[in-house]
Every structure is written in structure tokens, then in C-alpha cells.
Amino acid sequence: QVQLVESGGGLVQAGGSLRLSCAASGIIFSINNMGWYRQPPGKQRELVATITSVGRSNYADSVKGRFSISRDNTKRSVYLQMNSLKPEDTAVYYCYVDASNVRRYWGQGTQVTVSS
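The following block contains the structure:
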């Protein structure tokens, strides 16, 4: 059974930091891209950051310079370091992995709330 287990969300004051983690298990195929989306309250899901299998990363303009994505291929995990958090970063954050069977798998989501 495929599982993507997320952790690290929570409540933080503006200017603070959080580190999200996502560990994949049960995927028998190789993993290509990994990344994070978020869905703010009442809004559509939006891409936050992606990272390729060789470590190339891309970020949404709204988080550039504040967020950093990384991965550990041996642990089949992806991380999102979030610094200088703003109230507008409040959202449910979802990790995903793209496997070589051309399927995308999703985490269950973790709530990040930034208070002003």
C-alpha cells in the first residue's frame, strides 16, 4: 500500500520557521520529481516547490528566498524548510511524488497556520 506520510505542520508566529517532512513507502517504482503544493483557505491548490531526482529545484515566486526544498533519495523523503513565514502562507500543505509508472501520489496534507 502506497503511503506518503507528512509531518511538521503547526502554528507559528509571523517571521518564524517550520520544516515539513514527507516520507514515501510502498512505491515499488523509482521516484522522479517530488514536491509540495498548498491550499489556502477558500482558494485553489497551488504549487509551492518541486525538486527533480538530481536535485534541481523550482519555487513559486511567492516563496522564493524564504522556502527551501530538499530530498533524501535513500529515505524516499522530501522536505520543505519554511523561513520568514507570513500569514498568507497559511494553508494545508500537500507533498507529492511522481513515480516512473507515470503516476502521482499525494500525502494526506498537513496544516500550517501563521499568526500575525
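Heads up: the sequence shown begins at 3 in the numbering used here, then just goes up one per residue. Cβ coordinates follow ideal geometry from the N, Cα and C atoms, glycine included.
Point to revise | residue 118: CB within 6 Å of a non-hydrogen atom of the ligand GTP | key: You won't find the ligand GTP in this model; it holds no ligand whatsoever.
Exercise for review: Decide if residue 16 is buried, meaning its Cβ has at least 16 other Cβ atoms within 10 Å, or exposed.
Suggested key: Within the sequence shown, the letter at position 14 stands for residue 16. Exposed, since its Cβ has fewer than 16 Cβ neighbours within 10 Å.
Point to revise | C-beta atoms of residue 94 and residue 110 nearer than 7 Å | key: Along the sequence shown, read from residue 1 onward, the residue named residue 94 stands at position 92. Along the sequence shown, read from residue 1 onward, the residue named residue 110 stands at position 108. Their beta carbons are not under 7 Å apart, which means residue 94 does not touch residue 110 by this criterion.
Point to revise | Option in 30, 37 and 107 with minimal Cα separation from residue 23 | key: Translated into positions along the sequence shown, residue 23 becomes position 21. The residue with the shortest Cα to Cα distance from residue 23 is 37.
Check your understanding: Going along the chain, which residues of its own chain have a beta-carbon closer than 8 Å to the beta-carbon of residue 19, five neighbours each way excluded?
Key -> As a working note, residue 19 is residue 17 in the sequence shown. Same-chain partners within the cutoff: 83, 84, 85, 86 and 87.
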